[in-house]
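What follows is a short report on a single structure.
Residue numbers (the working numbering): 2 to 297.
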């Protein structure tokens, strides 16, 4: 993530309907305190988002100082020489593009949500091996009527605000999009279609005689698979954007030209180049310089 202090940086401050010139002044003062040289702020949309160029500071330090000085804002710091509008977005699904963890919600229909959710939380923090944790949770669902999957999706799965706008706006500008999930195709495929993703990768739950067997088909979509999907997509990495929230997203976030942690677990937030702490997924459009008039 780190860049030479000689590399110009682009800072984007975002707080939809609540951003002020005073926030830009606080940012400039904080940058001066680093010995850096900030430029003049340029509004993307007045009151919503603005850009601020800076030289003489490195990316991680700039992010840390600004997040501390402006804790109520979302702040994206990126190299000013990278392509602004990305050619690829690769995104996690659970707790990123949708507002729940599907396996936890599915387990609720079997009366096992608390037990399964505790394992999910530990895995997303990075405290457990992802594959082992996935196998353990799916095993608990053995014997469940497969029809419950569709019921769960209808009743529990809700898109994260800004998801459709993000993906469709980027697509309208020619970007490719991949939804990649450590969850399951039974959820990911409909979600991808609703949002507008061009491609989707997820795990397959084994079903026999209309019931879950308690197993997941191999190979599973894990952290390594997410990173491999990004690297294998064929795009200049500087022109790629990755977004996710959990420890299994970290290799993908680190490999992307711009990795953004979204309302993320601490390890993912620390590993990514930037973190969305307050806003919805349209913050990722602001990071790419999209004004509201350009949103799909």
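Glycine residues also receive a C-beta, built at the ideal position from the N, C-alpha and C atoms.
Within 10 angstroms of the beta-carbon of residue 21 lie fewer than 16 other beta-carbons, which makes it exposed. Counting along the chain, the unbroken beta strand (DSSP E) around residue 12 starts and ends at 10-15. In the DSSP annotation of this structure, the continuous segment of the beta strand (DSSP E) that includes residue 243 starts and ends at 241-245. If the five residues before and after residue 251 are omitted, its C-beta is found closer than 7 Å to the C-beta atoms of 224, 268, 269, 272, all from its own chain and listed in chain order. Inclusion of residue 282 and residue 167 in the CB contact set at 7 Å is warranted, their separation being smaller than that value. With fewer than 16 other CB atoms across the displayed protein chains lying within 10 angstroms of its CB, residue 73 is exposed. The continuous beta strand (DSSP E) containing residue 90 extends over residues 89-92.
Rounded to the nearest whole angstrom, the C-alpha separation of residue 292 and residue 83 is 19 Å. By the criterion of at least three beta-carbon pairs nearer than 8 Å, the stretch 203-215 is in contact with the stretch 125-145. Taken in chain order, the complete alpha helix (DSSP H) segments of 4 or more residues contained in the stretch 110-193 are 114-126, 131-140, 148-157, 164-173. Listed in chain order, the non-local C-beta contacts of residue 197 below 8 Å within the same chain comprise 165, 168, 169, 172, 178, local neighbours out to five positions each way being set aside. The three-state secondary structure of residue 85, taken from DSSP, is coil.
Rounded to the nearest angstrom, the Cβ distance from residue 246 to residue 234 is 21 Å, too far for a contact under 8 Å. Distance from the CA atom of residue 202 to the CA atom of residue 189, rounded to whole angstroms, is 8 Å. CA-CA distance, residue 278 to residue 254, rounds to 16 Å. Shortest Cα-Cα distance from residue 52 to any of 294, 297, 284, 296 involves 284. Restricting attention to 186, 50, 54, the CA atom closest to the CA of residue 104 is found in 186. Of all C-beta pairs linking the stretch 86-99 to the stretch 235-244, three or more are shorter than 8 Å, placing the two stretches in contact.
About 37 Å separates the beta carbons of residue 240 and residue 118, which is beyond the 8 Å limit, so they are not a contact pair. Counting along the chain, the unbroken beta strand (DSSP E) around residue 76 starts and ends at 75-80. Excluding residues up to 5 positions away in sequence, 80 lie with their Cβ nearer than 6 Å to the Cβ of residue 8 in the same chain. Restricting attention to 31, 41, 101, 56, the CA atom closest to the CA of residue 67 is found in 31. Annotated as distal: residue 64 and residue 290, with beta-carbon spacing of 7 Å or more.
Restricting attention to beta strand (DSSP E) runs no shorter than 3 residues, the stretch 228-273 encloses them at 241-245, 259-263, ordered along the chain. According to the DSSP assignment, residue 30 belongs to the alpha helix (DSSP H) that extends over 22-34. Taking the CA atoms as reference points, residue 238 sits about 29 Å from residue 17. The continuous stretches of alpha helix (DSSP H) do not include residue 37, and DSSP gives it neither H nor E. In this structure, the straight-line span from the alpha carbon of residue 69 to that of residue 24 is close to 13 Å. Contact between residue 45 and residue 28 does not hold, since their C-beta atoms are separated by about 14 Å, which reaches or exceeds 8 Å. With respect to residue 160, residue 99 sits close: the two C-beta atoms are nearer than 7 Å. With fewer than 16 other beta carbons inside 10 angstroms of its own, residue 211 counts as exposed. The beta carbon of residue 256 sits closer than 6 Å to those of 228, 231, all from its chain and outside the five residues before and after it, given in chain order.
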